[in-house]
Structures are given as C-alpha cells and as structure tokens.
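**Student:** Take a look at the following structure, please.
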Amino acid sequence: MLPYLARRLLLAVPLILGIIAFNFFLLQLAPGDLADVLASEQGGAAADAGYVAELRKAFGLDLPVLAQLGVYLKNVLTLDFGFSHRYGVPVATLITERLGGTLLLALTSLVLAVAIGTALGLLASRRPGGIVDSLVSVLSTVAYSAPLFWVGLMLVVLFGVHLQWLPTGGFQEVTQVPLRGLVLWGDRLRHLVLPATTLALFFVAIYARMTRASMIEAMSQDYIRTARAKGLSEGRIALRHGFRNALLPLVTMVGLQAGSLLGGSVVVETVFAWPGMGRLAFEAVSNRDLNLLLSIMLLSSFVVVAVNLTVDLLYAWLDPRIAVSA
Amino acid sequence: MSRLIRALMVTAALAVAGHAGAQQKDTPAYGGTLSAIVHPEPPILSPLLNTATPIVLVATKINDGLVDYASDGTIVPKLAESWDFSKDGLTLAFKLRKGVTWHDGKPFTAADVKFSIEEGLLKYSSTGKRIFKTLAKVETPDDYTVVLTLSQPTPVIYRNLNSQALWLLPKHLYEGTDIRSNPWNAKPIGTGPFRFTEYVRGSHIALDRNPNYWEAGKPYLDRIVFKVIPDAAGRAAAFETGAVQFGQQHPITFADAERLKKTGKFIVDTRGYEFSPTWFWLEPNHRNQYLQHLKVRQAIAHAIDRGLLLKTVWGGYGKPAVSPIPSALKPFHLGEGLQQYPFDPKKAEQLLDEAGFPRKADGFRFKLTHDFIPYGDDYRRTGEFVRQALRRVGIDVTLGSQDLTTWLKSVFTDYNFDLISSWGGSGADPQMGIETRFWSKARQPGTAWTVVSEYKNDELDAALEDAQTQVDPQKRVEDYNTLQRIVQRDLPLIPLFEVDWFSVYDSRLRGLTDTPNQRADNFAGVYFASE
Numbered sequence: 423m424l425p426y427l428a429r430r431l432l433l434a435v436p437l438i439l440g441i442i443a444f445n446f447f448l449l450q451l452a453p454g455d456l457a458d459v460l461a462s463e464q465g466g467a468a469a470d471a472g473y474v475a476e477l478r479k480a481f482g483l484d485l486p487v488l489a490q491l492g493v494y495l496k497n498v499l500t501l502d503f504g505f506s507h508r509y510g511v512p513v514a515t516l517i518t519e520r521l522g523g524t525l526l527l528a529l530t531s532l533v534l535a536v537a538i539g540t541a542l543g544l545l546a547s548r549r550p551g552g553i554v555d556s557l558v559s560v561l562s563t564v565a566y567s568a569p570l571f572w573v574g575l576m577l578v579v580l581f582g583v584h585l586q587w588l589p590t591g592g593f594q595e596v597t598q599v600p601l602r603g604l605v606l607w608g609d610r611l612r613h614l615v616l617p618a619t620t621l622a623l624f625f626v627a628i629y630a631r632m633t634r635a636s637m638i639e640a641m642s643q644d645y646i647r648t649a650r651a652k653g654l655s656e657g658r659i660a661l662r663h664g665f666r667n668a669l670l671p672l673v674t675m676v677g678l679q680a681g682s683l684l685g686g687s688v689v690v691e692t693v694f695a696w697p698g699m700g701r702l703a704f705e706a707v708s709n710r711d712l713n714l715l716l717s718i719m720l721l722s723s724f725v726v727v728a729v730n731l732t733v734d735l736l737y738a739w740l741d742p743r744i745a746v747s748a
Numbered sequence: 003m004s005r006l007i008r009a010l011m012v013t014a015a016l017a018v019a020g021h022a023g024a025q026q027k028d029t030p031a032y033g034g035t036l037s038a039i040v041h042p043e044p045p046i047l048s049p050l051l052n053t054a055t056p057i058v059l060v061a062t063k064i065n066d067g068l069v070d071y072a073s074d075g076t077i078v079p080k081l082a083e084s085w086d087f088s089k090d091g092l093t094l095a096f097k098l099r100k101g102v103t104w105h106d107g108k109p110f111t112a113a114d115v116k117f118s119i120e121e122g123l124l125k126y127s128s129t130g131k132r133i134f135k136t137l138a139k140v141e142t143p144d145d146y147t148v149v150l151t152l153s154q155p156t157p158v159i160y161r162n163l164n165s166q167a168l169w170l171l172p173k174h175l176y177e178g179t180d181i182r183s184n185p186w187n188a189k190p191i192g193t194g195p196f197r198f199t200e201y202v203r204g205s206h207i208a209l210d211r212n213p214n215y216w217e218a219g220k221p222y223l224d225r226i227v228f229k230v231i232p233d234a235a236g237r238a239a240a241f242e243t244g245a246v247q248f249g250q251q252h253p254i255t256f257a258d259a260e261r262l263k264k265t266g267k268f269i270v271d272t273r274g275y276e277f278s279p280t281w282f283w284l285e286p287n288h289r290n291q292y293l294q295h296l297k298v299r300q301a302i303a304h305a306i307d308r309g310l311l312l313k314t315v316w317g318g319y320g321k322p323a324v325s326p327i328p329s330a331l332k333p334f335h336l337g338e339g340l341q342q343y344p345f346d347p348k349k350a351e352q353l354l355d356e357a358g359f360p361r362k363a364d365g366f367r368f369k370l371t372h373d374f375i376p377y378g379d380d381y382r383r384t385g386e387f388v389r390q391a392l393r394r395v396g397i398d399v400t401l402g403s404q405d406l407t408t409w410l411k412s413v414f415t416d417y418n419f420d421l422i423s424s425w426g427g428s429g430a431d432p433q434m435g436i437e438t439r440f441w442s443k444a445r446q447p448g449t450a451w452t453v454v455s456e457y458k459n460d461e462l463d464a465a466l467e468d469a470q471t472q473v474d475p476q477k478r479v480e481d482y483n484t485l486q487r488i489v490q491r492d493l494p495l496i497p498l499f500e501v502d503w504f505s506v507y508d509s510r511l512r513g514l515t516d517t518p519n520q521r522a523d524n525f526a527g528v529y530f531a532s533e
C-alpha cells in the first residue's frame, strides 16, 4: 500500500509540472496580454506614448516566453505564487480568500448530490417500472437536461423574488455586520441553499440513474439469492450485499465531480454572485492574468491528483478483489 | 479669475432636467446603509493606476479631490478652499483646507499633493500624463499652498482637477515604495467622507462613515456596501428584493428597468452623466479596398436607421448622433450646419453603384466583416442590426465575435478588421475622449482607443493641436467645430448615436444625481428621505 502511494505521488510531480507548462503555452496562444487589458480599461485617455510598453516591462511580459515560464516555475518551487498585477495583491491572497467559499459550495453540493441521488436511485430500484421509479426517472431527466443557469434563475425567481424566503445572491448578509455565532451560520446556510441545490441537481440526476441501474443489476445476482435463502432481512440484503457492490461506478462518478470542484461552477457562481474560484479563474483567463491562472491550475491539478488517488484506494476498500500494488 | 476660466464656467452651465421624486425637499436624515451595485468588479481601488468606471465609483467615496464640479459645471471647493488661476493660464495656485486628516489620523498637507502629482500622476497615470503634459513644476511655499506652473497653457486641465483625474496619495504610506504594487492600492486610506472597511473579493466592498470628515455634519449615511453581482438577472432580482438600492450605467436590462420603474419604488434616472457623455460609432478600416471610398462610407451611414436601432436594441435610451461630439458636451457640440446622413437605403444603393460596386449575381456587392466590441448582449444585437441594414443595400457582412482581449489585440495592434462598432466616453472636455479618435499623431499600435482607421487630415490635426494650448475659449470651440465639420464630411468614422446611461435607485434616496459626474461624487450628501 505505502510503496503504491509513494509511487503515485512521485508520478504526480512531472504531471503537475507538465500541466503548468501546457497551460502556460495554451494561454500564450490567446491574443493579447494583461498590458492590453489594463490599457484598455483607461478608456479613451490611455493614449500616452509608451504606456503599454511600460506596463509590459513592469509585469515582466517583455521577457522571452521561456524566460517567463522559468521565472514562474522558479517562484513556485520557493512557494511564491507571484503577484497579480491586475488585482494588486499576491496571488496566494486571492486564492486563499476564495478557497473557503468554493469548498463550502462544492462540498455541500457534493454531499447533497450523493445523498439525494443515491436515495432516489435506491427507492427507484426497489420496484422497477413502478410509480416511484417513473417519477424519479422523469425528475432526473429534467434535472439532467435543464441548463444550470436556467434552473438557477428559476429558483431565484421563485424562492428569492416571489416567496422572498431566501436571498437571491451573495454568500452572506453584508449590509448588517458583524454577524456572529449561530446567526452567522444560519445566514450562511440561507445563502447556500439555492446555489448548492442548483449545482447538485445535475449530479443528483446522474447518481439516481446510476444507482438505480447498478442496484437492479446487483440485486439480480446469485449472491443475493443466496442471501435471501439464508433468511436475511430485505433491507440488510439491499444495503450490505446489493448497495456495496453497486457503489463502484458511483465512486468513479463522485471522483469526477470532486475533480471539478475548484473551477467547475462558473455558471452557478455567476448567477448567485458567489465569490468562488470558478469566477476567479474565468476572470483570470479573460484578463490574461497569467500568474493567477497558472496558480489556480496548479491547485486544481493537486486536487485532481488527490481525488484520483482517493478513488483508487476506495475501490480497493470497497471491493477487496481489486488489488493495489506498486 | 481669468477670462478663460470664467468663460468655461459660464458656458459649461449644463441644463439639468427637472425630475419628480428626486426634487422633493426633505430634511436630510442621518443613518442607514446604502447597498449599491458595482459592475464589473473593480480589480484595485486606485484611480491613479486604473481609471475604469467601477474603480472610480468606489474610490471617490474614500478620497476627496482638490476641487469638484457643481451641477452647472462650475468648480467648487473640496480639499482646496480657494484658488487663483493666472490670466495667461500658466499658474494654478491652490489654498488647501486646514485641519483635514487622512483616515489614519495623519494631517493632509501640500506635501501630499506635490508627491501625488510628481511621483504618482506623472509616472503611473496615463490620463494624468496627458492632462498634466505641460506641467513644469509643483511648488509648496507652505504646508497649505500648492502652486502648479505650466510651460504652456492647457485648458483641458480645468475640467480635470477632481479626485477622478487628480488622485491624491497619502505621502507617508507611499513614499519610498513601489507605487504600482503598494498594498494600499487595494485598501485605500483617503480623506473622503467614507472609510474603507473591507473588500471581500467577488462579494462586496464595505465603506463606513468617516466621523472626522472635514465637512461638518456630513456624510449622512452610516455605511455604503458595493455588491459585486456579475449576472444581469441577478442584479434585477437584487433590486426587487430590496437587497440593493442603487446601480449606475445600465445596471440592469432595459426591459427590467421599465418593469422596476412601474413599481413606483425605483427611479430610473439619466442625469448625472453630463461630464461623461458617451457616443457609439461604427469605425471603418480605411486600409480596406472598399471602405477607403468616401461614397461607400456615406452609403453605410445612409443605410442605418439610427432611430430604429435605438428603439429596438437600446430601449430608447439614447438619441441619433448628428456629430462626433455628444450634445451633452456643451459648448463644444455643434448641433447645426453639419453634413448629415439620414436613413435612406435608396440613396445608399445609388452611392454604392456610383462608387463602382454594383450588385453581383448573388445579390451582394462585396463582403465585409464587422467585429463589435464584446461588452455584452446590447453590443452583439447592435452588430446584428448593422449586418441586417448593410445586407439590405447589398453589403454582405459577417459578424465576428471574440473575447475582449482578442478584440483589443486584433483591432488596436494588428489593425485586422473591416468594421468595428464601439462606444467611448468623450470626457468632460473633448480633448480627453474625442481627440484620440481622430488625431493622426495619437495613433500608436498596441494602445487601445487610439485612431485605428488610418485616416489622416492635416487640417484636422492642426485644429486639434491648436485646441491643446488655445487660451481663447471661443477659438478653442471653433477648433472643435472644425473637427465636427471635417468628420461629418469625410466620415473617418460614422457616429451612430449618443448613449443615455441610466441609473436605477430606490425612490427614497436623495442627492445621488446632483452632480454632472455622479460616478465620481463622494456621496457625502446622499441620504434616505424619511417617509
């Protein structure tokens, strides 16, 4: 187990370096740079000789491309993620500010999606073709096919504007501060409901369909008949014998969802004005904020590597027939 | 006071339309939090380094300027109590207000002004460098006197002395540091009515009342919170639920604005933008083999129904442009005597035939691309409107859609376009926003918003250069009249319409649009009327 872990971690290093270099060159292909963006923001008044060239020099954008990559990599090795010249603060500050919001939203929606999705799938699989099954099937088709921003907006219109039960955006009440203790957590929760639900819906649909399918398959296996013959209770059979075996494809899917945690929710973050990493990354791309984007990518690749490793280890734990070996 | 200044002040008098709701006389009430929309999110909070609108909107509440402008355009005191501008336009002396402190308690003195201009403005602000191009020296005979000496008169300076253009830095926090990466750019210490409290990126910027503000009894509000709401529908929802009470420069869609207006709880107001008139144009690349023909450009101007464009795409917020200088920019705007191109598709077809480009077998005369500025849906729809209009007279137009940075690069660095459409602010003086669109010497590859059409006219250049140092206000106006005549005759670019920006605000709010430059107002006089 440990040598396997060590080998995987060691392999991750060149992988992550490769991802940085790939992203770096990919962004070089996009026309324009941060100096163009900043100069354009000065409106009609920026027509000062040499202003753009000065910016480029100040940002180190006048260096040869490879030298720029070298500077970035050297900085990263000393855990210095550079300075975002657009925001005027170190990249590390920008990212840590957003990390909390992103994790809160992403993990909540992950938990919601897994809990509701598998529950629905389990219910549906109990009587394939029955009323419950049909209902779950219709619901998950709708949730699967509706565009995220539309679902989000509809939820805002219903629960935010019409019923006024929940706030329409933001991550906490910011006009009456400071909130503390339970009030603060209650407030956070109220702000979290709509975006987390929107973000979870798509995966609820996927988990429901997958759980249903693999449960139906698992429940038709010989070992279930054996279990029944032994006289075990129906619930115990379904959960211990059926569900555990049905879990494997689900874990793969959860791994995929978790992999997209850091940047995968630009739409939801935009609709709900949620200060998350997705929007930060999106802005970094459109403003050609190289240092910032590379660092977000670096972080994301760490997360993906960690999630993949966890999924592989979970496989072995769920089904001991799958061996891990160095 | 010199003749120049007096003339400027008198002629700058801007007609302010009466407005129900905002004109009621109330006694100012203290307290309350103003939730405002800021969009797009300001990356930093220093107009010295970046004059983008959202940055100016937030930062000017935190920091006062030397002077400000009243609703009629006259200069009024802020941190400078009085001033003396010499007759020859070469010396500007300011007497500073005593007893003003920075938010950290340090006194505000002439040394701060000198430092801000010499170490900040002249080194890092592209706007500042243009406005103060002829500044020879800054002297501070005592702690409360600042004397600016110019090598040549620069009339443009008189409308650019407020906090937006002349951003003041606390010397004690900036001296000896790299001004560009100074951490205080993101959490400014100012002298204004509101103190910076916190900036949660992606969420909001909060400012609190400055209890030691120099103007006794002000400000009225306890707190201003600028919320970052990236989605237009989200902004409309925030208004409807009462989560925000103010947004400027088209904060929501035209349809949503009409809807909110009908509830009676909101005012949709087009005032407050008199110092930032905006116009929308179509710019042809004169390197293009078709667009270099004057008749083709005239045909394009005739082919577009500006009134219909405004009605269908821009919600009626604007008016057809008759000149390259917006009508709000008094006294420079010339309303009459300019060549005009009314909507007339037949005339357009005739001009195209005359130019030697008859319709071919497929019905089209030639092909053009049109890259609209990718600022959002209204701009894309404008592009679609132009495409329809030009296809009707036989010009086959393909719409290009890129991300903003790509657009900037391909237009302003590579000159790789046929037609672009875009808007620009003229500034409070045409020298700021208009000049760069036509002055051939302003052209610099790689610099956004400079002339890109390759159009060059010596008479036009001479008029613009004369206006830069012309101390006789009447002659300066004539210079800009020349510009308008030449542009409407040669159509180096085709003015389409003037944009009427609107603000949306809670009907209980007072004092928001009393100045000609609402975005740069410090909001010390804003309050909620008690009901």
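If you're matching them up, the sequences are chains A and B in order.
For the first sequence, the working numbering assigns the number 423 to the initial residue and increments by one for each residue that follows.
For the second sequence, the working numbering assigns the number 3 to the initial residue and increments by one for each residue that follows.
C-beta atoms are modelled at their ideal positions from N, C-alpha and C, and glycine is treated no differently.
Since this is a predicted model, take the numbers as computed values, not measurements.
Just to make sure I have the definition right: I need the residues of chain B whose C-beta is within less than 7 Å of the C-beta of residue 593/A. Which are they?
**Tutor:** Counted from its first residue, the first sequence places residue 593/A at position 171. Correct list: 205.
**Student:** Could you give the distance in angstroms between the alpha-carbon of residue 24/B and the alpha-carbon of residue 320/B?
**Tutor:** By 1-based counting over the second sequence, the position of residue 24/B is 22. By 1-based counting over the second sequence, the position of residue 320/B is 318. Residue placement at residue 24/B is poorly supported in this model, since its pLDDT is 45, which falls under 50; the coordinates are not used for a value here.
**Student:** Are the beta-carbon atoms belonging to residue 697/A and residue 571/A less than 7 Å from one another?
**Tutor:** Here residue 697/A refers to the residue found at position 275 when the first sequence is read from its first residue. Here residue 571/A refers to the residue found at position 149 when the first sequence is read from its first residue. Cβ distance not < 7 Å, so residue 697/A and residue 571/A don't count as in contact.
**Student:** Hey, is the stretch 504 to 517 of chain A in contact with the stretch 39 to 51 of chain B, meaning 3+ C-beta pairs nearer than 8 Å?
**Tutor:** With the cut-off at 8 Å, the stretch 504 to 517 of chain A and the stretch 39 to 51 of chain B touch.
**Student:** Taking three-plus beta-carbon pairs below 8 Å as touching, is the stretch 155 to 168 of chain B in contact with the stretch 69 to 77 of chain B?
**Tutor:** The stretch 155 to 168 of chain B vs the stretch 69 to 77 of chain B: in contact.
**Student:** Give me the residue from 610/A, 653/A, 626/A, 577/A with the minimum Cα distance to residue 616/A.
**Tutor:** Indexing the first sequence from 1 puts residue 616/A at position 194. When only C-alpha atoms are compared, the closest one is 577/A.
**Student:** Across which residues does DSSP place residue 82/B in a beta bridge pair?
**Tutor:** Locating residue 82/B in the second sequence gives position 80, counting from the first residue. DSSP lists 98/B as partners of residue 82/B.
**Student:** With a threshold of 7 Å between beta-carbons, can residue 423/A be considered close to chain B, or not?
**Tutor:** The residue labelled residue 423/A in the question sits at position 1 within the first sequence. No, residue 423/A does not count as interfacial toward chain B.
**Student:** Verify the CB distance criterion: does residue 52/B have a CB-CB separation below 7 Å to chain A?
**Tutor:** Here residue 52/B refers to the residue found at position 50 of the second sequence. So yes, residue 52/B belongs to the interface.
**Student:** Closer than 6 Å by C-beta to residue 108/B: which residues in its own chain qualify, once you throw out the five before and the five after it? Chain order, please.
**Tutor:** By one-based count along the second sequence, residue 108/B stands at place 106. Same-chain partners within the cutoff: 174.
**Student:** Rounded to a whole number of angstroms, what is the C-alpha to C-alpha distance between residue 325/B and residue 486/B?
**Tutor:** Numbered from its first residue, the second sequence carries residue 325/B at position 323. Numbered from its first residue, the second sequence carries residue 486/B at position 484. Near 6 Å, if we compare the C-alpha coordinates of residue 486/B and residue 325/B.
**Student:** Assuming contact is defined by CB atoms lying nearer than 7 Å, are residue 323/B and residue 121/B in contact in what I supplied?
**Tutor:** Mapped onto the second sequence, residue 323/B falls at position 321. Mapped onto the second sequence, residue 121/B falls at position 119. Contact flag unset, no.
**Student:** Mind pulling the chain A residues with CB within less than 8 Å of residue 503/B?
**Tutor:** As a working note, residue 503/B is residue 501 in the second sequence. Per Cβ cutoff of 8 Å: no residues; residue 503/B is ~14 Å from chain A at best.
**Student:** Given this structure, state the Cα-to-Cα distance separating residue 585/A from residue 624/A, to the nearest angstrom.
**Tutor:** On the first sequence, position 163 is the one that residue 585/A refers to. On the first sequence, position 202 is the one that residue 624/A refers to. Roughly 24 Å between the two C-alpha positions.
**Student:** Any Cβ of chain B within less than 7 Å of the Cβ of residue 459/A?
**Tutor:** Residue numbering aside, residue 459/A sits at position 37 when the first sequence is read from its first letter. Chain B, which has a Cβ nearer than 7 Å to the Cβ of residue 459/A, makes this yes.
**Student:** Based on DSSP bridge pairs, tell me the residues matched to residue 271/B.
**Tutor:** Against the second sequence, residue 271/B aligns to sequence position 269. Answer by DSSP bridge pairing, in chain order: 505/B.
**Student:** What whole-angstrom Cβ distance do residue 249/B and residue 506/B have, given they're in contact under 8 Å?
**Tutor:** Stepping through the second sequence from its first residue, residue 249/B is reached at position 247. Stepping through the second sequence from its first residue, residue 506/B is reached at position 504. Correct: roughly 5 Å between the Cβ atoms.
**Student:** Given a limit of 9 Å on CB to CB distance, which residues of the stretch 276 to 296 of chain B reach chain A?
**Tutor:** Under the 9 Å Cβ criterion, the stretch 276 to 296 of chain B contributes no residue.
**Student:** Classify residue 187/B as buried or exposed, calling it buried when 16 or more other Cβ atoms lie within 10 Å of its own Cβ.
**Tutor:** Along the second sequence, one-based indexing puts residue 187/B at 185. Burial call: buried.
**Student:** Rounded to the nearest angstrom, how far is the Cβ of residue 281/B from that of residue 328/B, given a contact under 8 Å?
**Tutor:** Taking the first residue of the second sequence as position 1, residue 281/B is located at position 279. Taking the first residue of the second sequence as position 1, residue 328/B is located at position 326. Going by Cβ atoms, the distance from residue 281/B to residue 328/B rounds to 5 Å, so yes, they are a contact pair.
**Student:** Rounded to whole angstroms, what is the Cα-Cα separation between residue 133/B and residue 610/A?
**Tutor:** In the second sequence, residue 133/B corresponds to position 131, counting from 1. In the first sequence, residue 610/A corresponds to position 188, counting from 1. The straight-line gap from Cα to Cα measures roughly 47 Å.
**Student:** CA-CA distance, residue 430/B and residue 683/A?
**Tutor:** Here residue 430/B refers to the residue found at position 428 when the second sequence is read from its first residue. Here residue 683/A refers to the residue found at position 261 when the first sequence is read from its first residue. In a straight line, the C-alpha of residue 430/B is about 47 Å away from that of residue 683/A.
**Student:** Which residues in chain B have a C-beta closer than 7 Å to the C-beta of residue 692/A? List them in chain order.
**Tutor:** Locating residue 692/A in the first sequence gives position 270, counting from the first residue. Residues of chain B passing the Cβ test: 232, 233.
**Student:** Output, in sequence order along the chain, the residues in the stretch 449 to 470 of chain B whose CB is closer than 8 Å to any CB in chain A.
**Tutor:** Hits within the stretch, in order: 449, 450, 451, 452.
**Student:** With 16 other CB atoms within 10 Å as the buried threshold, where does residue 220/B fall?
**Tutor:** Here residue 220/B refers to the residue found at position 218 of the second sequence. When all chains shown are included, residue 220/B counts as buried.
**Student:** Taking the alpha-carbon of residue 273/B as reference, which of 306/B, 73/B, 246/B, 90/B has the nearest alpha-carbon?
**Tutor:** Against the second sequence, residue 273/B aligns to sequence position 271. That would be 73/B, whose Cα lies nearest to the Cα of residue 273/B.
**Student:** Tell whether a beta-carbon distance below 7 Å holds between residue 534/A and residue 622/A.
**Tutor:** Position 112 of the first sequence, counting from 1, holds the residue named residue 534/A. Position 200 of the first sequence, counting from 1, holds the residue named residue 622/A. Yes, these two residues count as a Cβ contact at 7 Å.
**Student:** Verify whether the separation of the beta carbon atoms of residue 151/B and residue 139/B is less than 7 Å.
**Tutor:** By 1-based counting over the second sequence, the position of residue 151/B is 149. By 1-based counting over the second sequence, the position of residue 139/B is 137. In this structure, residue 139/B lies closer than 7 Å to residue 151/B by Cβ.
**Student:** For residue 568/A and residue 343/B, what's the separation of their Cα atoms in angstroms?
**Tutor:** Locating residue 568/A in the first sequence gives position 146, counting from the first residue. Locating residue 343/B in the second sequence gives position 341, counting from the first residue. When rounded, the distance between both Cα atoms is 47 Å.
**Student:** Can you grab the Cα-Cα spacing for the pair residue 575/A / residue 204/B, in whole Å?
**Tutor:** Against the first sequence, residue 575/A aligns to sequence position 153. Against the second sequence, residue 204/B aligns to sequence position 202. In a straight line, the C-alpha of residue 575/A is about 19 Å away from that of residue 204/B.
**Student:** List the DSSP bridge partners of residue 34/B.
**Tutor:** As a position in the second sequence, residue 34/B is number 32, starting the count at 1. DSSP, once it has assigned bridges, lists no residue as partnering residue 34/B.
**Student:** Please identify, using Cβ separations under 7 Å, the residues of the stretch 505 to 518 of chain A that lie next to chain B, in order along the chain.
**Tutor:** Within the stretch 505 to 518 of chain A, the qualifying residues are 505, 508, 509, 510, 511, 516.
**Student:** Roughly how many angstroms lie between the CA atoms of residue 330/B and residue 493/B, to the nearest whole one?
**Tutor:** Locating residue 330/B in the second sequence gives position 328, where the first residue counts as 1. Locating residue 493/B in the second sequence gives position 491, where the first residue counts as 1. Cα to Cα, the separation comes out at about 21 Å.
**Student:** What residues in the stretch 250 to 272 of chain B bring their beta carbon closer than 9 Å to a beta carbon of chain A?
**Tutor:** Of all residues in the stretch 250 to 272 of chain B, none has a Cβ within less than 9 Å of some Cβ in chain A.
**Student:** Just checking: is the beta-carbon of residue 612/A within a distance shorter than 7 Å of some beta-carbon in chain B?
**Tutor:** Numbered from its first residue, the first sequence carries residue 612/A at position 190. For residue 612/A, the answer is no, since every Cβ of chain B falls outside 7 Å of its Cβ.
**Student:** Are the beta-carbon atoms of residue 733/A and residue 690/A separated by less than 7 Å?
**Tutor:** Translated into positions along the first sequence, residue 733/A becomes position 311. Translated into positions along the first sequence, residue 690/A becomes position 268. In this structure, residue 690/A does not lie closer than 7 Å to residue 733/A by Cβ.
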